[in-house]
Amino acid sequence: HDTKIKSSFRYGDGSYGVDGTIGEVDFRLGSKIIKNQAFLAATKNTIGSTSELGIDGLIGLEFDLSSSSRIGGAMKKQYGAKTTRGRTLLENIFRQNASLPNFIAIDLGRTDDYEDTEGGTLTVGEYSSGVKPEYVEAIQSPSLKALPQYPKGSQRWTVLVDSITVDGVDVELKSMFNSTPDGKVVALLDTGAPRSTMLTPIWDVIYALVPGAEKVKASDVGLRGWHAPCMTTANVVVTIAGQTFPVHPLDLTEVQSVSGSTDMSNYTACTSAFRDSTAERWGGVYEMILGADFLRNVYAVFDFGDFAEDGTLTDPYMKLVSQTVPAHAASQVEVIRGATLKALAPEKLPQAASSNSTTGSKKHSPSAATFPDTHSLVGVVSEDTASVKTYIVAGLVLLGANVLIGMAVLCLGIAIYKARVKSGAGVRDRGSYLHVRTKDEA
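Under full-length UniProt numbering, residues 1 to 442 are what the sequence shown spells out, in order.
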């Protein structure tokens with residue numbers, strides 16, 4: 001059913017997106033059928049490569065607020081503030097299944113070489129049977145502190161990051177918000193972001209503390225940013241609400257195969273997997289994105305709050321359980337990354353690094369880190385060949401999309417981006433999809 005109500009979504013910097021009208025359709029998820037689920041039937045699409053890659057749509061698991069759901073807001077404007085038409089998919093699932101707890105649980109999988117995110121599970125209202133029992137027990141334990149939204153009442157899955165350390169050395173955190181406590185920053189937990197992204201000064205300090213890392217300002221093959229030894233075992237730890245979450249060393253860098261340099265030789269370089277950005281890109285809402293490369297180090301539960309007797313919801317919260325043990329992760333680098341490098345050209349930094357770079361080390365002083373801005377390497381291409389009858393496709397979930405469309409986006413069948421470099425082709429991200437497990441499949 002086409003309501004004829006016009007709407008649009010804009011992504012990234014707002015220069016691309018989709019336009020269309022709001023439709024209503026019966027939606028099936030496992031044995032659950034949601035009648036008249038509202039969606040945007042796009043008639044115009046300016047997002048590159050979606051048609052070529054067979055991407056049919058995006059499902060956002062936003063909060064059911066007019067301010068955070070374009071569709072919901074438009075339907076309320078047309079049919080009145082009390083209308084139930086235009087509710088989000090997840091809101092409808094929870095309301096039609098009163099006994100179902102109002103949370104989703106996500107366990108992102110890895111490829112065998114640990115270079116990308118692949119597979120995993122997303123469950124609605126229950127925990128995956130494929131996750132280690134000790135992780136589920138930890139999530140359910142009353143002793144595990146919930147991570148509250150910050151600020152309270154946020155429309156997104158934002159938290160307050162207490163600290164970031166590299167090999168035990170603190171990275172100086174300075175918030176751009178006056179209301180944020182000193183030494184902390186506001187971060188968005190976003191499964192749709194392939195790479196964690198942060199303000200340039202923080203990004204610079206993190207990689208300056210990685211032993212042997214160099215910041216390259218220019219390169220004859222277009223590689224920019226921080227280059228680090230491919231075999232680095234630097235231990236990066238993110239602390240949220242007093243809980244520590246180590247990041248696997250293999251999530252700090254990505255392997256780049258390069259050809260066509262000035263001396264025409266092929267070589268391998270490992271560049272910073274984390275990206276940098278500016279505050280303007282996120283519209284002054286948060287100052288860091290902890291993306292899939294961070295979230296695959298944890299088992300994550302996002303709880304939308306429970307229904308009270310008056311029909312209102314209690315405050316939403318998150319729970320994370322670390323899956324990465326630093327000592328074990330460091331021991332995996334030689335085996336896993338070593339096997340990857342054996343099949344590639346010899347490792348070396350780009351030629352410009354020898355004369356136009358800044359070298360990182362453990363002795364670097366965080367408070368002194370002020371480096372020129374560089375362009376981040378952000379991919380926007382995703383692909384998959386599976387039928388949407390088997391996978392619920394989340395399409396392209398681009399960094400910054402939450403700012404412009406007001407959605408705290410998590411995705412059913414999350415579009416996970418794989419950063420790969422084709423020989424001589426620069427940086428290109430290609431995606432796979434996360435299968436949605438329903439209660440009927442568990």
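Just so you know, even glycine gets a beta-carbon here, dropped at the ideal spot from N, CA and C.
Between which two residues does the beta strand (DSSP E) carrying residue i extend?
i      : result
Pro246 : 243 to 247
Ala41  : 32 to 45
Leu341 : Segment 338 to 342 is the alpha helix (DSSP H) holding Leu341; no beta strand (DSSP E) there.
Ile59  : Here Ile59 belongs to no beta strand (DSSP E), and DSSP marks it neither H nor E.
Val166 : 158 to 166
Met318 : 317 to 322
Lys215 : 214 to 216
His1   : First-last for His1: undefined, no H or E at that position.
Asp107 : 103 to 110
Val124 : 117 to 124
Arg85  : From DSSP, Arg85 is part of no beta strand (DSSP E); its letter is neither H nor E.
Thr21  : 16 to 29
Ala345 : Careful: Ala345 lies outside any beta strand (DSSP E) and carries neither H nor E.
Phe228 : For clarity, residue 228 is Ala in the given sequence; the question names Phe instead. Neither: Ala228 is in no beta strand (DSSP E) and is coded neither H nor E.
Go to residue i, then tell me how far its alpha helix (DSSP H) extends in each direction, as first and last residue.
i           : result
Trp203      : 200 to 208
Val131      : No alpha helix (DSSP H) holds Val131; DSSP gives it neither H nor E.
residue 519 : The first residue shown for the chain is 1 and the last is 442, placing residue 519 beyond what the model contains.
Tyr79       : 70 to 79
His328      : 326 to 332
Exposed or buried, what is residue i when buried is set at 16 or more other beta-carbons lying within 10 Å of its beta-carbon?
i      : result
Ala339 : exposed
Asn178 : exposed
Ser143 : exposed
Asp113 : exposed
Ser7   : buried
Arg224 : buried
Ala81  : exposed
Gly60  : buried
Asp204 : buried
Val335 : exposed
Ser277 : buried
Thr3   : buried
Ala327 : exposed
Pro194 : buried
His1   : exposed
Glu280 : exposed
Arg28  : exposed
Gly130 : exposed
Lys215 : buried
Thr117 : buried
Glu115 : buried
Ala394 : Since pLDDT at Ala394 reaches only 32, below the 50 mark, its modelled position is unreliable, and the value read off the structure follows with that caveat. Looking at its Cβ environment, which holds 16 or more other Cβ atoms inside 10 Å, Ala394 is buried.
Glu91  : buried
Ala308 : exposed
Pro346 : exposed
Gly120 : buried
Thr84  : exposed
Ala187 : buried
Between residue i and residue j, what straight-line distance do the alpha-carbon atoms span, to the nearest angstrom?
i      : j      : result
Leu290 : Ser196 : 5 Å
Asp293 : Gly48  : 24 Å
Thr239 : Asp310 : 36 Å
Thr123 : Gly192 : 16 Å
Val185 : Ile206 : 15 Å
Arg275 : Pro201 : 11 Å
Ser128 : Ser154 : 27 Å
Leu150 : Ile71  : First, the residue type needs correcting, since residue 150 is Tyr and not Leu in the sequence shown. For Tyr150 and Ile71, the distance between alpha carbons rounds to 25 Å.
Phe304 : Lys32  : 19 Å
Ile139 : Leu320 : 7 Å
Lys174 : Asp182 : 7 Å
Lys132 : Val298 : 12 Å
Leu89  : Gly57  : 14 Å
Thr324 : Leu108 : 13 Å
Gly283 : Ser69  : 17 Å
Ile416 : Thr271 : For Ile416, the pLDDT reaches just 29, beneath the cut-off of 50, and the residue's location in the model is therefore unreliable, although a value from the coordinates is still provided. Using only the alpha carbons, I get a separation of about 19 Å.
Asn235 : Ala330 : 8 Å
Thr46  : Phe9   : 11 Å
Ala228 : Val255 : 10 Å
Val333 : Ala42  : 44 Å
Thr180 : Glu172 : 14 Å
Taking 9 Å as the threshold (C-beta atoms), are residue j and residue i in contact?
i      : j      : result
Leu199 : Val159 : no
Ala146 : Arg87  : no
Lys44  : Val18  : yes
Leu252 : Ala273 : yes
Asn102 : Leu313 : yes
Val237 : Ile164 : yes
Met176 : Arg337 : no
Ile34  : Val301 : no
Using a Cβ-based criterion (distance less than 8 Å to any ligand heavy atom), does residue i qualify as near the ligand COA?
i     : result
Thr88 : This structure simply doesn't include the ligand COA, nor any ligand for that matter.
### Query
Curious, which full-length alpha helix (DSSP H) runs of at least 4 residues does the region 232 to 305 contain?
292 to 295
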